[in-house]
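The opening residue of the sequence shown carries number 354 in our numbering; numbering runs sequentially from there. Below is one structure, written out as structure tokens, with a few remarks after it.
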Amino acid sequence: MFDSGVGGLTVLAELRKLLPQAPLIYAADLAGLPYGTKSEAEVAARVCGLLGRMSERYHPRAICIACNTASTIALGMVREVLEVPVIGTVPAIKPAAAMTRTGVIGLFGTAATVRQPYVDRLEAEFAEGKTLLRHAAPGLVALAEAKLRGEAVDLAAVRAEVGGLLDAPGGEQIDTVVLACTHFPLLETELAQVFGSQVRFIHGAEGIARRIVAITEGQPFDQQSGDLFIATGEVAGIERLSAQLAEYGLVRIERF
Ligand code: DGL
């Protein structure tokens with residue numbers, strides 16, 4: 354399972370519920386975090402290069418890109434170069450369109466995700482006749498990373514990041530919000546406080562977990578030693594994360 358940081362843990366948590374016996378490796382490209390402010394070329398090069406090297410070292414049976422930014426930019430490229438099945442994470446526009454009653458859907462992602470043609474295609478295919486208001490909320494990534502490291506979340510900072518969506522024309526009619534970045538469900542409590550109880554949030558984690566189960570169906574798993582967290586860059590500061598990672602079953606930490 355691959356992400357730029359700890360956001361993909363929201364997908365890993367869903368997968369654990371369905372496949373508790375499967376050994377997992379969680380890879381965080383902390384040296385490349387954040388992806389959302391990088392160019393398409395930079396993200397594609399990092400993701401293809403790292404997943405190629407990681408596959409050679411660890412030989413996974415399947416790879417999940419648990420990152421909307423990386424998936425909407427590089428999923429096709431990664432699938433072309435790797436031989437294992439690759440599952441992507443793309444904005445949950447389809448279920449949001451089925452859920453909305455007002456017909457107005459909000460979508461938060463990174464700046465890179467919200468401008469992707471991949472998202473245009475999802476909107477055209479699944480949200481015809483609805484209004485989809487997209488908003489880049491890159492600051493939520495750092496807030497989610499800090500929260501997982503035990504820091505308090507400043508609600509005013511969350512409000513400042515997402516306020517633009519509520520203030521957009523039609524924003525007051527939003528009843529469904531797509532969390533199109535795997536970091537954002539880590540802040541769902543705070544987001545719910547900002548949006549109020551009339552708004553429902555949706556993300557793809559559960560659906561992705563089900564897809565991984567389907568792809569690995571019938572395969573035997575043997576979970577023995579506790580799972581591995583690997584990170585690019587300095588792992589020196591990672592002890593602040595180790596208790597949280599252990600809660601996700603990631604008991605070994607290595608630098609990649
Ligand atoms: N978790 C990533 C996503 O789903 C992005 C965070 C970042 O900007 O690196 O888009």
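Just so you know, even glycine gets a beta-carbon here, dropped at the ideal spot from N, CA and C.
Neighbour-count burial assignment, residue i, 16 or more Cβ in a 10 Å radius
{"i": "Ser357", "result": "buried"}
{"i": "Phe574", "result": "exposed"}
{"i": "Gly429", "result": "exposed"}
{"i": "Pro373", "result": "exposed"}
{"i": "Ser424", "result": "buried"}
{"i": "Pro538", "result": "buried"}
{"i": "Glu481", "result": "exposed"}
{"i": "His412", "result": "exposed"}
{"i": "Gly405", "result": "exposed"}
{"i": "Lys370", "result": "exposed"}
{"i": "Gly503", "result": "exposed"}
{"i": "Gly571", "result": "exposed"}
DSSP-derived helix/strand/coil call for residue i
{"i": "Thr363", "result": "helix"}
{"i": "Cys534", "result": "coil"}
{"i": "Thr442", "result": "coil"}
{"i": "Cys401", "result": "helix"}
{"i": "Phe461", "result": "strand"}
{"i": "Val604", "result": "strand"}
{"i": "Thr466", "result": "helix"}
{"i": "Ala489", "result": "strand"}
Heavy atom of the ligand DGL within 7 Å of residue i beta-carbon
{"i": "Thr453", "result": "no"}
{"i": "Gly557", "result": "no"}
{"i": "Val530", "result": "no"}
{"i": "Thr356", "result": "Per the sequence presented here, residue 356 reads as Asp, with Thr not at that position. Yes, the ligand DGL has a heavy atom inside 7 Å of this Cβ."}
{"i": "Gly492", "result": "no"}
{"i": "Leu386", "result": "yes"}
{"i": "His488", "result": "no"}
{"i": "Cys401", "result": "no"}
{"i": "His412", "result": "no"}
Beta carbon of residue i nearer than 8 Å to that of residue j
{"i": "His488", "j": "Gly459", "result": "yes"}
{"i": "Ala533", "j": "Glu367", "result": "no"}
{"i": "Thr355", "j": "Cys401", "result": "Strictly speaking, residue 355 in this sequence is Phe, with Thr absent from that position. Taking 8 Å as the Cβ cut-off, Phe355 and Cys401 do not qualify as a contacting pair."}
{"i": "Asp580", "j": "Pro438", "result": "no"}
{"i": "Phe461", "j": "Val530", "result": "yes"}
{"i": "Lys500", "j": "Leu540", "result": "yes"}
{"i": "Ala584", "j": "Ala381", "result": "yes"}
{"i": "Ile565", "j": "Ile446", "result": "no"}
Cβ distance (whole Å) where residue i is taken to contact residue j below 8 Å
{"i": "Met407", "j": "Arg553", "result": "Not really, about 35 Å apart at Cβ, beyond 8 Å."}
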